[in-house]
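Heads up: the structure comes next, in structure tokens.
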Amino acid sequence: MKNFNQKYAEHPELSVFKEFFLSHGKYKEIKKKEYLVEQSSVAKYVAYVVEGFFRYTRIDNRGNEHIVGYVFKGEYVGDYASLIKKDITSLVTVQAVTDCKIYYVPLEEVRKFFNTNEDAQIAGRVLAEELFMVAYTRLLDFYCKNTEELYMDLTERCPDFQDYITLKEMASFLQVTPETISHIRNSINKKHIC
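Going by UniProt numbering, the sequence shown opens with residue 1, and the numbers climb by one from there.
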């Protein structure tokens, strides 16, 4: 699978963070549909994804599940809010979409790592900056792009993405109905046929 958040995953100043996970983390294989953390529970780990990908979901006050993000191979997965603030419950559920291979480290060890030296502090800052830019760009895109543009951006960033998720999931992530996604796909197919 092509990388979804390519720029974020390849940032050179995050290499020290990756090395930390690979050398200090514990290797684990996670099966499809298995949870890394569940909403309202206390997150204990952050992980580096070696293979596979995860979805982030959040249940609203009416009990509806919303897909709010994805993490892929070469990225870090966990509840970032739990890394920033100790002893808060997770705001999201993190679930494996495919069978995954990870290296995981307890949150407290990651917090200590960020204080070990200047390179680690820089990695922590860069991680925060990159996660902010992902969220900020997504926010601006939702205000400034129509649904077809959002769909096209998604499929351009990760062409085989739709091989792994359902129409309903894609609709949830783009905050539209499955019928809207189906209509967009049909419209795109008609454009390619003509």
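Each residue gets a CB set at the ideal place from its N, CA and C atoms; glycine is no exception.
Please read these numbers as outputs of a predicted model, since none were measured by experiment.
Residues of its chain near residue i, where Cβ-Cβ distance is below 7 Å and the 5 sequence neighbours each way are ignored
| i | result |
| --- | --- |
| isoleucine 88 | Ala81, Ser82 |
| arginine 55 | Ile67, Tyr70, Gln95, Val97 |
| aspartate 60 | His66 |
| lysine 28 | Ile102, Tyr104 |
| leucine 140 | none |
| alanine 120 | Val16, Phe113, Phe114 |
Candidates the options, of which the one nearest residue i by Cα
| i | options | result |
| --- | --- | --- |
| valine 16 | Glu149, Ile59, Leu127, Ile165 | Leu127 |
| glutamate 19 | Ser41, Glu38, Val50 | Val50 |
| lysine 73 | Asp79, Lys101, Lys85, Thr116 | Lys101 |
| threonine 93 | Leu139, Ser187, Phe113, Gln39 | Gln39 |
| valine 37 | Asn186, Lys28, Ser90, His24 | Ser90 |
| glutamate 13 | Ile122, Lys112, Ile188 | Ile122 |
| serine 41 | Ser23, Asp79, Gly124, Asn189 | Asp79 |
| isoleucine 184 | Lys86, Thr155, Thr57 | Thr155 |
| lysine 44 | Tyr164, Arg111, Arg138 | Arg111 |
| arginine 58 | Gln175, Lys190, Asn189 | Gln175 |
Sequence-distant residues of its chain with Cβ nearer than 8 Å to residue i (five each side left out)
| i | result |
| --- | --- |
| residue 201 | No information on residue 201 is available, as it lies outside the stretch 1 to 194 that the chain covers here. |
| lysine 26 | Tyr103, Tyr104, Val105 |
| tyrosine 76 | Phe17, Phe21, Val46, Ala47, Tyr48, Val49, Leu127 |
| tyrosine 164 | Met1, Phe53, Val97, Thr98 |
Burial state of residue i (16 or more Cβ within 10 Å)
| i | result |
| --- | --- |
| phenylalanine 142 | exposed |
| isoleucine 181 | buried |
| phenylalanine 132 | exposed |
| alanine 135 | exposed |
| asparagine 186 | exposed |
| glycine 63 | exposed |
| isoleucine 84 | exposed |
Start and end residues, beta strand (DSSP E) containing residue i
| i | result |
| --- | --- |
| cysteine 100 | 100–106 |
| tyrosine 35 | 35–37 |
| isoleucine 122 | No beta strand (DSSP E) contains isoleucine 122, which is instead part of the alpha helix (DSSP H) from 118–144. |
6 Å Cβ shell around residue i - same chain, five flanking residues per side excluded
| i | result |
| --- | --- |
| phenylalanine 173 | Ile67 |
| proline 178 | Leu167, Lys168, Ala171 |
| tyrosine 151 | Ile184 |
Element boundaries [alpha helix (DSSP H), containing residue i]
| i | result |
| --- | --- |
| arginine 157 | 147–157 |
| phenylalanine 54 | Run containing phenylalanine 54: none in the alpha helix (DSSP H); it sits in the beta strand (DSSP E), 53–59. |
Self-check item: Meets three-Cβ-pair contact criterion under 8 Å: the region 24–37 and the region 133–153
Solution: No: fewer than three Cβ pairs fall under 8 Å.
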